[in-house]
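Undergrad:
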Amino acid sequence: MTGNQKTIKKSVKFTGRGLHTGTEVVLTLQPASENYGFQFIRNDLNESPVVRALAENVVETSRGTTLEENGVRVCTIEHVLAALSGLGIDNAKIELNGPEAPIMDGSSKFFVEGILNAGIKELDEPKPVFDITDKIEYRDDQHGVHIVA
């Protein structure tokens, strides 16, 4: 995907229960500037710590995706990230008042609808491009995993 980076035009709020914790939670998507990426802000904790959505912060994937940074975790975040990514959004501040994103209906549907209602804004910075110039292969025979790019 080429072109400029994108964010949402205005804030959008989602309320529901966490699948694993059963906790009522509010997740608010906020616009973000160029090169911000996706960052979760735990506004239920002192000093509102940030957990960046980076591969190196993934600590668990058995029953959902869990990210951890500096001892702070956010869980079951794959549906909101899928909605953002699927809509071509590169930058968003994701505020949570609990440890887990709301499950909604178990898909990305309500996140997609909310983001589309909020609108998508193009930013001035080009999207970063990653070119694969050589074959990359990963194999884990123990778990039956084989990936080739």
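Whatever position you read off the sequence shown (first residue = 1), add 84 for the working numbering. Glycine is no exception: its CB is placed at the ideal position from the N, C-alpha and C atoms.
DSSP beta-bridge partners for Phe122?
TA: Answer by DSSP bridge pairing, in chain order: Ala176.
Undergrad: Go ahead and pull the three-state DSSP assignment for Glu152.
TA: Glu152: strand per DSSP, three-state reduction.
Undergrad: Taking a contact to mean a Cβ-Cβ separation below 8 Å, would you say Ala139 touches Phe122 in this structure?
TA: Going by C-beta atoms, Ala139 is not nearer than 8 Å to Phe122.
Undergrad: Nearest by alpha-carbon distance to Tyr120: which of Val134, Leu129, Arg223 and Val164 is it?
TA: The candidate whose alpha carbon is nearest that of Tyr120 is Val134.
Undergrad: Between Gln114 and the rest of its own chain, which residues show a CB-CB distance below 8 Å, the 5 nearest in sequence each way excluded?
TA: Counting only Cβ-Cβ distances below 8 Å, and skipping sequence neighbours, we find Ile92, Ser95, Ala176, Lys177, Ile178 and Glu179.
Undergrad: Enumerate in chain order the residues of its own chain whose CB-to-CB distance from Gly198 is below 7 Å, with the five nearest sequence positions on each side excluded.
TA: Closer than 7 Å at the Cβ level, and outside the excluded window around Gly198, lie Val96 and Phe98.
Undergrad: Given that a residue counts as buried once 16 or more other Cβ atoms are within 10 Å of its Cβ, and exposed if not, what is Arg126?
TA: Flag for Arg126 reads buried.
Undergrad: With DSSP as the reference, identify every bridge partner of Val229, one or two as the case may be.
TA: Asp224.
Undergrad: Can you name, in chain order, every residue of its own chain whose Cβ lies under 6 Å from the Cβ of Thr149, other than the five neighbours on each side?
TA: Around Thr149: Ile161 and Glu162.
Undergrad: Could you tell me which residues DSSP pairs with Ile92 in its beta bridges?
TA: Bridge partners of Ile92: Ile204.
Undergrad: Please name the residue or residues paired with Phe195 in a DSSP beta bridge.
TA: In the DSSP output, where bridge partners are listed per residue, Phe195 has none listed.
Undergrad: In chain order, what residues of the same chain have a beta carbon less than 8 Å from the beta carbon of Ser117, not counting five sequence neighbours either side?
TA: The residues are Thr91, Asn175 and Leu207.
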